[in-house]
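Everything below concerns the one structure shown next.
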Amino acid sequence: MNRLFNKDLWDEIIESISSNGFRTIITAFGVFWGIFILVLLLCASNGFQNGIKGQFEGTSSNSIFIWTQGISKAYNGKPKNRWYNFKLKDVQAIEQNVPGLKTISPRNRLGGWGSSTIISHEENNASLTVEADFPELITQWAMDIQKGRYLNQSDIDLKRKICIIGYGAVDDLFKKNEEVIGSYIKIQGVSFKVVGVYKDATMIGKRNFDLQKKIFVPFTTFSQVFNYGDRVGYFFITGEDGIPIKESKDKILEVLKKQHDIHPDDDRAIGTNGFYKAFEKFEMLFLALKSVSYFVGILILGSGVIGISNIMLIVIKERTKEIGVRRALGAKPSAIRKQILLESLFLTLTSGMAGIAFAAFIAFLANIMIDKIPKQDALLSNVSVDLPTVGIALLILVISGLFAGLIPAQTALKIKPIEALRTD
Amino acid sequence: MIEITDLHKSYPVGNRKLHVLKGINFSAQEGELISIMGSSGSGKSTFLNILGILDEGDEGKYLLDNTPIKNLSEKVAANYRNQFLGFIFQSFNLINYKTALDNVALPLYYQGVNRKERLEKSLFYLEKVGLADWADHLPSELSGGQKQRVAIARALASDPKVLLADEPTGALDTKTSYEVMDLIQQINDEGKTILIVTHEPDIAKMTKRIVHLKDGLIIKDERIEPVKAMANV
Numbered sequence: 017m018n019r020l021f022n023k024d025l026w027d028e029i030i031e032s033i034s035s036n037g038f039r040t041i042i043t044a045f046g047v048f049w050g051i052f053i054l055v056l057l058l059c060a061s062n063g064f065q066n067g068i069k070g071q072f073e074g075t076s077s078n079s080i081f082i083w084t085q086g087i088s089k090a091y092n093g094k095p096k097n098r099w100y101n102f103k104l105k106d107v108q109a110i111e112q113n114v115p116g117l118k119t120i121s122p123r124n125r126l127g128g129w130g131s132s133t134i135i136s137h138e139e140n141n142a143s144l145t146v147e148a149d150f151p152e153l154i155t156q157w158a159m160d161i162q163k164g165r166y167l168n169q170s171d172i173d174l175k176r177k178i179c180i181i182g183y184g185a186v187d188d189l190f191k192k193n194e195e196v197i198g199s200y201i202k203i204q205g206v207s208f209k210v211v212g213v214y215k216d217a218t219m220i221g222k223r224n225f226d227l228q229k230k231i232f233v234p235f236t237t238f239s240q241v242f243n244y245g246d247r248v249g250y251f252f253i254t255g256e257d258g259i260p261i262k263e264s265k266d267k268i269l270e271v272l273k274k275q276h277d278i279h280p281d282d283d284r285a286i287g288t289n290g291f292y293k294a295f296e297k298f299e300m301l302f303l304a305l306k307s308v309s310y311f312v313g314i315l316i317l318g319s320g321v322i323g324i325s326n327i328m329l330i331v332i333k334e335r336t337k338e339i340g341v342r343r344a345l346g347a348k349p350s351a352i353r354k355q356i357l358l359e360s361l362f363l364t365l366t367s368g369m370a371g372i373a374f375a376a377f378i379a380f381l382a383n384i385m386i387d388k389i390p391k392q393d394a395l396l397s398n399v400s401v402d403l404p405t406v407g408i409a410l411l412i413l414v415i416s417g418l419f420a421g422l423i424p425a426q427t428a429l430k431i432k433p434i435e436a437l438r439t440d
Numbered sequence: 328m329i330e331i332t333d334l335h336k337s338y339p340v341g342n343r344k345l346h347v348l349k350g351i352n353f354s355a356q357e358g359e360l361i362s363i364m365g366s367s368g369s370g371k372s373t374f375l376n377i378l379g380i381l382d383e384g385d386e387g388k389y390l391l392d393n394t395p396i397k398n399l400s401e402k403v404a405a406n407y408r409n410q411f412l413g414f415i416f417q418s419f420n421l422i423n424y425k426t427a428l429d430n431v432a433l434p435l436y437y438q439g440v441n442r443k444e445r446l447e448k449s450l451f452y453l454e455k456v457g458l459a460d461w462a463d464h465l466p467s468e469l470s471g472g473q474k475q476r477v478a479i480a481r482a483l484a485s486d487p488k489v490l491l492a493d494e495p496t497g498a499l500d501t502k503t504s505y506e507v508m509d510l511i512q513q514i515n516d517e518g519k520t521i522l523i524v525t526h527e528p529d530i531a532k533m534t535k536r537i538v539h540l541k542d543g544l545i546i547k548d549e550r551i552e553p554v555k556a557m558a559n560v
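Taken in sequence, the protein lines are chains D and H.
If you're matching positions, the first sequence starts at 17 in the working numbering and goes up one per residue.
If you're matching positions, the second sequence starts at 328 in the working numbering and goes up one per residue.
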């Protein structure tokens, strides 16, 4: 190995490779093309991943919804088939017993899940969803405040009758060019002052339309005005970064079951919907894309490698005499093998690196074009590969280079020095 | 220098064995210039292959510089060839993408001699064959005689004990042949042992000893007064 970086050895290799330049280039093109496609596919799948993730930006994917359902098991002297409600004190109980949670948002929805309420402003009416929330929600859910402000702590403390409405609801309730901020809307006959307009920045399919039409009011105000007391409709809980909410879920449910005298095995009493589930599906999709990229790329690269192997075999056939002469002059078989292997490795690596560079260049051009498209419309973003991926690609190249050289090297070893004496 | 006793060699041809060498006894002292003659089929190529450690005999003993040549691995054989022998081929066998100098340096490369020393030595031998000015030329830019002289320089480069030449003038015209033979005589005069396989009587007459092979046996082994090649140029 100490002679691997020997200048003479590389001189030998470069000399013999460049002795038939055109054929070498044609051969190298196979590998160039293979790795080019592999890296480009990886770039594209990466860009797609970045694009999708970009759409979710600001929304904490490490989150879960938890709501109450009917109790299905009698427990602790209480019958089954009863209904119950989460309470505000559950927040504390969860906080104290379950580590690794970043934010616990108790939430209420006027009328319950799936309900909407008639909201009116002057002569306009619209059927909209009213959500009661704490200010922390905005750290969990991506909302752009387009005008005014979002909920703050003093809204909660002072139980202000204010609200933030979705930009989709503005057209339903207000006249064109009418000043929204500072005007009042009526929810079940109670007036709320509009202090902000939001735009929901999450991307959740068709429901996105509804998400732009909600009315957010302070949780405390809501409880008092609509007589909810300390009831909590549902929780939206976000785990700390690096601690999957999936793993905390069972502990949270355990706490809630204890709080509400639910049988530990009563799985129907509490409904959950991991926000992470949607992301898991995407992760699966990304993984599938990446696998397909590798699969297709390596297959194409494989044909390139076979090309190199093929040409090396022909080259060795042509160089039989030369190899014979080298052997007669005292080249050990290992020296011949080393030379053939390194020749094929060198060919594979240089053409491969050119392929990677070219793919990176194409990705660069693609990025320039993508940047011109508005972010919400672009399914691709930051089309690129990271360094570890390039490392993997190089590793694949080294392995395939050695593989390509293996059969030709074995063939070369069979050449006896006696070939040198043959005259043809 | 070379001691061969009762050397046999046969090749399988179909089901039968073709007995090519049928008990050769041969020895060569240091400084000899020997030609081996024989018609095709006489076994002279096989004999040369065995001498050159390119092949091995079935029976018999072969001592090269007191080293027994028997059952060698490819690696050791390569080493011995590199150390003991210099080859000169009929078709020169220069590597066509290497300059004259690099061709001469090749055996030294396989000996592991460093680049500087290698090129110095190679240039010295190129000078010796009168081609120092052609060091940077590719074989394609050289004439046949020049190519063979480069090949001789290459054979000398590793300072071998014995030079083996297989029809060294077979591809050359008469005048060039004699020039090459003159060079070979000069090298022999400096004490190098040289064996030449040839079928040309005039070439054989320029050596000091002629060994005639026929049907796998030495039929005649005569010492002669060599004709000076220079005289015929």
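Ideal Cβ placement from N, Cα and C applies to all residues, glycine included.
Note that the structure is a prediction, hence the values are computed from the model and not measured.
Margin query: So, at 7 Å on beta carbons, what are the nonlocal neighbours of P572 of chain H in its own chain, with the 5 sequence-adjacent residues on each side left out?
Written below: In the structure displayed, chain H extends from 328 to 560; residue 572 of chain H sits before or after that span and is not available.
Margin query: Is L381 of chain H close to chain B? Criterion is C-beta to C-beta, closer than 8 Å.
Written below: Reference to chain B is not applicable here, since the protein chains of this structure are D and H.
Next item on the list: Run down chain D in chain order and give the residues with a C-beta less than 8 Å from the C-beta of A274 of chain H.
Entry: Look at the range of chain H in this structure, 328 to 560, and you will see that residue 274 of chain H is not part of it.
Next item on the list: Have a look at Q426 of chain D and G323 of chain D and give me their C-alpha separation to the nearest angstrom.
Entry: 17 Å
Check: If you draw a straight line from the alpha carbon of D277 of chain D to that of D171 of chain D, how long is it in whole angstroms?
Finding: 33 Å
Next item on the list: Find the residues of chain D that neighbour A427 of chain H, judging by a C-beta separation of less than 8 Å, and give them in chain order.
Entry: Chain D residues near A427 of chain H: none, gap ~14 Å exceeds 8 Å.
Check: Which whole-angstrom value is the C-beta distance of K349 of chain H and G543 of chain H, which I expect to be below 8 Å?
Finding: 4 Å
Next item on the list: Return the first residue and the last residue of the alpha helix (DSSP H) that I236 of chain D is part of.
Entry: Reading off the sequence, residue 236 of chain D comes out as Thr, not Ile. Run containing T236 of chain D: F235 to V241, per the alpha helix (DSSP H) assignment.
Note to self: Based on DSSP bridge pairs, tell me the residues matched to D216 of chain D.
What the structure shows: D:M159
Next item on the list: Run through the region 171-197 of chain D for me and flag every whole beta strand (DSSP E) of 3 or more residues, listed as ranges in chain order.
Entry: 178-182
Check: Is T427 of chain D helix, strand or coil when you go by DSSP?
Finding: helix
Item checked: 8 Å Cβ cutoff met for A158 of chain D and A217 of chain D -> yes
Note to self: Please classify W26 of chain D as buried or exposed, where buried requires at least 16 other C-beta atoms within 10 Å of its C-beta.
What the structure shows: exposed
Item checked: Partners in chain H for A347 of chain D, counting only beta-carbon separations shorter than 7 Å -> A405 and Y437
Checklist line | Interface positions of the region 469-488 of chain H facing chain D (Cβ-Cβ less than 8 Å), listed along the chain | finding: R481 and S485
Item checked: Neighbour flag for P434 of chain H against chain D, beta carbons, 8 Å -> yes
Note to self: 8 Å is my cut-off, CB to CB: does K354 of chain D come that close to chain H?
What the structure shows: no
Next item on the list: Return yes when the Cβ of I82 of chain D is within less than 8 Å of the Cβ of T288 of chain D, no when it is not.
Entry: yes
Notebook entry, point to check: Between the C-alpha atoms of G340 of chain D and I546 of chain H, what's the straight-line distance to the nearest angstrom?
Noted result: 32 Å
Next item on the list: Look at the alpha carbon of K222 of chain D and the alpha carbon of F208 of chain D, and state the distance between them as a whole number of angstroms.
Entry: Residue confidence is low: K222 of chain D scores 49 on pLDDT, short of 50, so the model does not pin down where it sits. Its coordinate-derived value is still stated next. The straight-line gap from Cα to Cα measures roughly 29 Å.
Next item on the list: Only counting runs of 3 or more residues, tell me where the beta strand (DSSP E) segments fall wholly within the region 433-520 of chain H, in order along the chain.
Entry: 489-493
Check: CB-CB under 7 Å to G67 of chain D, same chain, minus the five flanking residues each way: which ones, in chain order?
Finding: A394, L395, L396 and S397
Next item on the list: State yes or no: is the C-beta of E296 of chain D within less than 8 Å of the C-beta of Y424 of chain H?
Entry: no
Next item on the list: Check each residue of the region 409-424 of chain H: if its Cβ is closer than 7 Å to any Cβ of chain D, include it; give the result in chain order.
Entry: N409, F414, F416, Q417, S418, N420, I422 and Y424
Notebook entry, point to check: Quick one: is E401 of chain H near chain D, going by C-beta distance under 8 Å?
Noted result: yes
Margin query: For the region 191-210 of chain D against the region 109-125 of chain D, do three or more pairs of beta-carbon atoms, one drawn from each stretch, fall closer than 8 Å, so that the two count as touching?
Written below: no
Item checked: Extent of the continuous alpha helix (DSSP H) run through I324 of chain D -> F291 to E334
Checklist line | Own chain residues within Cβ distance below 8 Å of K293 of chain D, not counting five before or after | finding: none
Check: If A344 of chain D sits next to L522 of chain H, beta carbons under 8 Å apart, how far is it from one beta carbon to the other, in whole angstroms?
Finding: A344 of chain D to L522 of chain H, Cβ: 15 Å. No contact.
Checklist line | Cβ-based burial, M300 of chain D [other Cβ within 10 Å; buried from 16] | finding: exposed
Checklist line | Neighbouring residues, chain D, relative to R442 of chain H (Cβ below 8 Å) | finding: K23 and D24
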